[in-house]
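The structure appears below as structure tokens.
Numbering (the working numbering), first residue to last: 140 to 543.
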């Protein structure tokens, strides 16, 4: 695909400029004429294309960006605007360069006769798979406006939950960093200075002091090896985490780890319930909804479990009973789904269950951060106390010997 820069005039004679990505210059001419514009100048723009890619590669598309896109799309389609016009307007208004490029690709795809969902499927690095599936369901059922409005709410909640989790750990992280720096300063600077003085005075250093000094001298002498080892180890762990075996290992760890595993289970449960509820309410078949929801939860162990649930559902069993075998899901989820199946309100029950677990995640994270701050301070106070004692005890020995 090549990016073309064009200049054209509208029916009022006003100059319009812009860029268009296409495989052929004739497509650019066709696009301009469809818009009622008269081409004046068209030329390949390779440098601009590379600049755009540079900007795009360094800017992520957040859930907030997707939520705003869905909300604006829903508003415009409710007002009766055609989809190509909506995409044209949103492409011009969007500030995120990566999302802007994605919307422009959607516009070009729709102009060439593709459905919106198919065009989104070609841009999965920008638009989530869930959104593409929901849009497809909305196109088939004629409820695209409601689907986009619902997805706006979905991604707004996802964004809020992630931001709350990040913000909750900012202060404890700062406290931990400051505390570690204080300990490093005491061990690396203060303790060796006192140790040298004690040795000159002939004092016998306690075992704990000698252990700390041994660690300090080892780090000083072998710091190059430690840096190299860290530089090799961290990318190695990152590479392993991307392999199927590594990803499964860390996904199992994320739901079985003490304390944090419980939080991750609630996050996964809320995400699954909200996603499946949105898909079911839009008319997507349950089996297809389970497949999409499995990809959205972000955990390979749960995804495999949902695959087995899908097999059971395909055999004619209900959804509630097979879900009990999925490790990450609490018993309450199965009970609520059974109620939804019995009353014919599965989508409503799933939404309410997702809201409940979203609130549970927020409460749990708040409790954790409330306890984490004093816990960090207490642990660091104990460490600093031991370091201070390793300095004070030899001083007391020297003073005792001097008195005798």
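Beta carbons are placed, not taken as given, at the ideal position from N, Cα and C, and that holds for glycine.
- The alpha helix (DSSP H) runs lying completely inside the region 343-391 and spanning 4 residues or more are 346-360, 362-381, given in chain order.
- The three-state reading of DSSP puts residue 147 in strand, counting E and B together.
- DSSP places residue 157 in the uninterrupted beta strand (DSSP E) bounded by 154-161.
- In the three-state DSSP reduction, residue 233 falls in the coil class, being neither helix nor strand.
- Between residue 255 and residue 222, the beta carbon gap of about 6 Å places them in contact (Cβ cut-off 8 Å).
- The residues 256, 259, 260, in chain order, have a CB closer than 6 Å to that of residue 271 in the same chain once the five nearest residues on each side in sequence are set aside.
- Taking C-beta separations shorter than 6 Å and ignoring five residues to either side along the sequence, the partners of residue 419 in its chain run 428, 485, 486, following chain order.
- Of the candidates 289, 340, 226, 289 places its Cα closest to the Cα of residue 416.
- Comparing alpha-carbon positions, the option among 247, 506, 177, 325 lying closest to residue 153 turns out to be 177.
- Judged by their CB atoms, residue 143 and residue 205 are not nearer to each other than the 8 Å cut-off.
- Inclusion of residue 398 and residue 500 in the CB contact set at 8 Å is not warranted, their separation being larger than that value.
- Shown here for residue 504: same chain residues with a beta carbon closer than 6 Å to its own, the five before and five after excluded, namely 304, 307 in chain order.
- Under a 10 Å Cβ-count criterion, residue 216 is classified as buried, with 16 or more other Cβ atoms of the shown protein chains found around its own Cβ.
- Between the region 425-441 and the region 511-524, the count of Cβ pairs shorter than 8 Å is below three; the stretches do not touch.
- Beta-bridge partners of residue 178 (DSSP): 147.
- Here residue 141 carries a strand assignment [DSSP, helix/strand/coil].
- Of the candidates 393, 238, 269, 339, 269 places its Cα closest to the Cα of residue 434.
- Counting along the chain, no alpha helix (DSSP H) covers residue 264, and no H or E run does either.
- Excluding residues up to 5 positions away in sequence, 333 lie with their Cβ nearer than 6 Å to the Cβ of residue 530 in the same chain.
- Less than 8 Å divides the Cβ of residue 326 from the Cβ of residue 351.
- The DSSP-derived three-state label of residue 183 is strand.
- For residue 311, the uninterrupted alpha helix (DSSP H) run begins and ends at 309-324, by DSSP.
- Taking the Cα of residue 422 as reference, the smallest distance to any Cα among 318, 323, 493, 276 is reached at 276.
- Per DSSP, residue 437 is not a residue of any alpha helix (DSSP H), being assigned neither H nor E.
- One alpha carbon belongs to residue 150, the other to residue 483, and they sit about 56 Å apart.
- When the Cα atoms are used, residue 391 and residue 447 turn out to be separated by approximately 17 Å.
- Residue state for residue 423 is assigned as coil, using DSSP reduced to three classes.
- A Cβ-Cβ distance of about 7 Å is found for the pair residue 490 and residue 413, placing them in contact under the 8 Å criterion.
- Counting only the Cα atoms, residue 319 lies some 45 Å from residue 210.
- The beta carbons of residue 287 and residue 212 sit about 5 Å from each other, so the pair counts as a contact at 8 Å.
- Going by DSSP, residue 208 is part of the alpha helix (DSSP H) stretching over 202-217.
- Annotation: the continuous alpha helix (DSSP H) that includes residue 482 extends over 470-482.
- For residue 331, the enclosing alpha helix (DSSP H) starts and ends at 330-339.
- In this structure, DSSP gives residue 280 a helical state, which the three-state scheme calls helix.
- For residue 496, same chain residues with a beta-carbon under 6 Å away, outside a window of 5 residues either side, are 405, 408, 409 in chain order.
- In this structure, residue 492 keeps its C-beta atom at 8 Å or more from the C-beta atom of residue 510.
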